[in-house]
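Presented below is the structure to which this report refers.
Numbering (my numbering), first residue to last: 117 to 963.
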């Protein structure tokens, strides 16, 4: 018996270590990486690498501004992707390790840590080793943990710190020592502030469900008891305010979500299967989890019963989902942090069932309740026939396991459940292989030629401009946030939070084509106005991919397989001009007129100092006008430009698209520029691109426009087309005076100097944010929004020095709160140390 107990001490942790390793090897078998083609590739490895490189370049661990991303934005817009994630901060000490390798290794270790920490938490003063092991196995094999360790990793990267928090709470209750509890909450918040909300809620449920009756004997005692139980966790949260407060300000100013829900929708009970079952975007468990939850409701008064009641209410009422999602929307991913609590219920259930102390009527009642709830939930519109069939088979398997456990072998339930979940994990990995990055593709994509080309350009031209990458669609998406050299400034961005003025300019003023189905992606474009206005001076083009080079760019060099193209006519990032039309005049112009105006003029202030005569006229595209139906697609057609005149330089085209297949994307390309409307069903981040816009430069003698219709069934209507020209574009360029802006050493500001003969405007292509401060000759001047979405300021004639600073909102306040919390905890630690060191006076008794 002693040998068996000793072997289990080693065997259970060993299995919890080996299973994640084997599943990771299964993911990468066949020449894959343990990372997805979209979020992992475009966000989860490039943002940490950017933060690391920015620190190496500036030495600034407390940055405000990211000049290189999305035209130049508040760096806290991207904090969600690991600005102070402790898992990534360790990589700062390993500059020789590629971030793609580092993230894969860290997530594999995190996966192992999930199982081991859950096992340790459950067996410490709670349950037997065997029950703790099988319950921890549920966490290791749950859908989100298996899936998101290589997909959207922040969905699960905080889990070890959540488990440390629960361990720390138990330690605090038993010993009074709270350092682990406080540290766990702090690290959880720094790792993923979004899921920390659910993590703290899980901690509160866990603590309150272990409540003792005497703690609430009076209101005063209740308040003191609550404070005593949770103040270490509270202060752990306050310690993270140096991070959370700037993030909160960034989210308030950088999200365009306008989701709203009626109160009746929030408080009406709803059974949503995928909050708990199967989906990696929920808890990703099997029907047995719901059965365990329901059986726990029939226990006598105990922690497990109250915990089951709390979880049931959270899952039943949409209001909980809304709150846990930060009031942004209602998505099941917010329930992932409650996985450890379900594991706790499972461990208790396994132990009770194995010892035969659960009455059979309770088992039957819990099973029947679970069947009723799940069958009712499966009748909803969002449940496919296949998922419904899987659910019914799952419920049948649960019943058979119960029967086998009662009649044959008490361990049949936990062993059978582990086997089912292991099989489900293997199936999930097999089906998700198509979403993983291929190692050969990654090797080609990350070859040194591209980085070497960027570094070559920077060594020859150290000015402030923008540089972008062109290649296949997959390569361009992967490069949206990729900065390969210091000073490689991008106009692209893929982030859930971004500058709203910049997004509005792209989508509502220039109406840039949207080739990505994901509405959060701000992709590269061939729009000549945008490229010129944003100062995209260089293009790095991968050789042999048939990329169409935008007008004005000429090949100036090549590094390996990467061609370098340059355009000398792009505007500086900052310049001074007196050729200005007022904001009011600009707002009254049509889309084509606004685009042409920005080629030659600036839009700022309240007075017109330049005369703009729009050269725009309607175009006739014949058969495209009226309604045009496509049913199959996959073909390319030429549409004649019969009424084009020699002076027409651009074709502006727009039309509405109605998709007849809500689960399929629609894409249409005009002269190589692609617009896409993403599926409206089955995709969380659809781009809602209902009207397609195109601005096409026309070559001399061009008499037709080529339109490629993607496959699908859709209707085109309300087609409109215009010809436009900007004959005096050259003279407009001559009116610019380069402000000579350069990035400051700390990366949070820009400085420059200029001389102008007339009063005018300092115009930049920095997306406008009210937290910019502009100094001219050391004096602060009012900052304004110019050109429909960018930073500018009025300036007088003469020679001037200019400085532009960005101060992220909330940093000072957040830091003050964190310091105050640290001082309180330090004082509390000294108080406790003093109390432990002070001998108590003995009571003298008479003889």
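All C-beta atoms in this analysis are idealised placements derived from N, C-alpha and C, irrespective of residue type, glycine included.
From which residue to which residue does the alpha helix (DSSP H) around residue i run?
i: residue 412; result: 403-412
i: residue 708; result: 707-716
i: residue 466; result: 455-471
i: residue 383; result: 379-383
i: residue 572; result: 564-576
i: residue 504; result: 501-523
i: residue 421; result: 419-432
i: residue 310; result: 309-324
i: residue 880; result: Not the alpha helix (DSSP H): residue 880 falls in the beta strand (DSSP E), residues 876-883.
i: residue 483; result: 476-494
i: residue 725; result: That residue, residue 725, is in no alpha helix (DSSP H); it is neither H nor E in DSSP.
i: residue 770; result: Not the alpha helix (DSSP H): residue 770 falls in the beta strand (DSSP E), residues 766-775.
i: residue 532; result: 528-548
When the Cα atoms are used, what is the spatial distance from residue i to residue j?
i: residue 272; j: residue 459; result: 15 Å
i: residue 660; j: residue 390; result: 45 Å
i: residue 123; j: residue 593; result: 50 Å
i: residue 499; j: residue 713; result: 51 Å
i: residue 772; j: residue 618; result: 24 Å
i: residue 274; j: residue 794; result: 31 Å
i: residue 696; j: residue 670; result: 30 Å
i: residue 125; j: residue 233; result: 14 Å
i: residue 254; j: residue 537; result: 7 Å
i: residue 627; j: residue 130; result: 56 Å
i: residue 708; j: residue 823; result: 20 Å
i: residue 356; j: residue 911; result: 41 Å
i: residue 892; j: residue 899; result: 11 Å
i: residue 963; j: residue 353; result: Unreliable placement is indicated for residue 963, whose pLDDT of 31 sits below 50; no coordinate value is reported for it.
i: residue 365; j: residue 906; result: 20 Å
i: residue 761; j: residue 919; result: 46 Å
i: residue 818; j: residue 765; result: 10 Å
Report the option in the options whose CA atom is closest to the CA atom of residue i.
i: residue 649; options: 745, 880, 450, 443; result: 880
i: residue 802; options: 196, 348, 945, 630; result: 630
i: residue 711; options: 498, 646, 394; result: 646
i: residue 572; options: 681, 651, 472; result: 681
i: residue 171; options: 867, 699, 852, 209; result: 209
i: residue 481; options: 409, 528, 566; result: 409
i: residue 679; options: 663, 937, 689; result: 663
i: residue 507; options: 833, 394, 921; result: 394
i: residue 237; options: 461, 442, 889, 625; result: 461
i: residue 202; options: 223, 217, 190; result: 223
i: residue 637; options: 575, 610, 180, 194; result: 610
i: residue 309; options: 325, 196, 491, 335; result: 196
i: residue 437; options: 690, 317, 614, 503; result: 317
Once you ignore the five residues that flank residue i on each side, which residues in its own chain have a CB closer than 6 Å to its CB?
i: residue 300; result: 277, 280, 281, 284
i: residue 632; result: 639
i: residue 142; result: 545
i: residue 583; result: 604, 654
i: residue 486; result: 406, 407, 410
i: residue 361; result: 926, 929, 930
Cutting at 7 Å between CB atoms, please list the residues of its own chain near residue i, excluding the five before and the five after it.
i: residue 358; result: 930, 931, 934
i: residue 147; result: 554, 555, 556
i: residue 569; result: 656, 675, 678, 680
i: residue 838; result: 708, 732, 733, 734, 735, 768
So the beta strand (DSSP E) residue i belongs to, where does it begin and stop?
i: residue 756; result: 751-756
i: residue 909; result: 906-911
i: residue 356; result: No beta strand (DSSP E) holds residue 356; DSSP gives it neither H nor E.
i: residue 151; result: 148-152
i: residue 666; result: Taken as a continuous stretch (DSSP letters only), residue 666 belongs to no beta strand (DSSP E), as it is neither H nor E.
i: residue 673; result: 670-675
i: residue 747; result: 744-748
i: residue 293; result: Counting along the chain, residue 293 falls outside any beta strand (DSSP E), and DSSP gives it neither H nor E.
i: residue 681; result: 678-682
Here's a check: name, in chain order, each residue in its chain whose Cβ is nearer than 8 Å to the Cβ of residue i, leaving out the five neighbours to either side.
i: residue 738; result: 755, 756, 758
i: residue 528; result: 517, 520, 521
Please confirm whether any heavy atom of the ligand SAH lies closer than 7 Å to the CB of residue i.
i: residue 502; result: Of ligands this structure carries none, so the ligand SAH is not represented either.
Practice problem: Can you check the stretch 190-259 for any alpha helix (DSSP H) of at least 4 residues that lies completely inside it and give the ranges in chain order? | Solution: 202-205, 215-239, 245-256
Quiz item: In the stretch 805-846, which residue ranges form an unbroken beta strand (DSSP E) of at least 3 residues, counting only runs that do not cross its ends?
Solution: 807-813, 820-825, 828-840
Quiz prompt | Segments of 3+ residues assigned as beta strand (DSSP E) that fall wholly inside the stretch 578-657 | solution = Here the runs fully enclosed are 582-586.
Self-check item: Ordered list of alpha helix (DSSP H) runs contained in the stretch 149-186, each at least 4 residues
Solution: 162-174
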